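Worksheet: the structure to be examined is printed underneath.
Numbering (mature numbering (1 follows the signal peptide of the UniProt record, and there is no 0)), first residue to last: -22 to -1, 1 to 93.
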């Protein structure tokens, strides 16, 4: 009898987790993100329909505080992340011949869920 009760409670907890994790978040991007490249950093700016309470990070570097913008109690719909050139945030530099210069590349993840 105890086993049946524990099993039933386990399934209810699992069902509750599935329902919570599948709740849609009413938000999205407005337009395309803007990118500003500097000699020592890349800045990605974007606007959202509703206040942004999620995470923004350089792909593969979520655990590094200098590579992400953590969620916070904010009412802002304008968000930016700064990725340093010198650092370990996954920013790649590549020289180009035509046009002559340096290309900076990074993958930025915009996650609307705050975790």
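Idealized CB from N, CA, C, for every residue including glycine.
Keep in mind the model is a prediction, meaning the values are calculated, not measured.
Separation of residue j from residue i, as counted between CA atoms
i           : j          : result
residue 180 : residue 3  : This structure leaves residue 180 out entirely; the chain is present only between -22 and 93.
residue 93  : residue 5  : 15 Å
residue 17  : residue 80 : 10 Å
Unbroken beta strand (DSSP E) run spanning residue i, endpoints
i          : result
residue 43 : That residue, residue 43, is in no beta strand (DSSP E); it is neither H nor E in DSSP.
residue 21 : 19 to 26
residue 36 : 33 to 36
Collapsed DSSP secondary structure at residue i in the structure displayed
i          : result
residue 66 : coil
residue 60 : strand
residue 86 : strand
residue 74 : strand
Outcome for residue i when other beta-carbon atoms lying within 10 angstroms are tallied against a minimum of 16
i          : result
residue 32 : buried
residue 22 : buried
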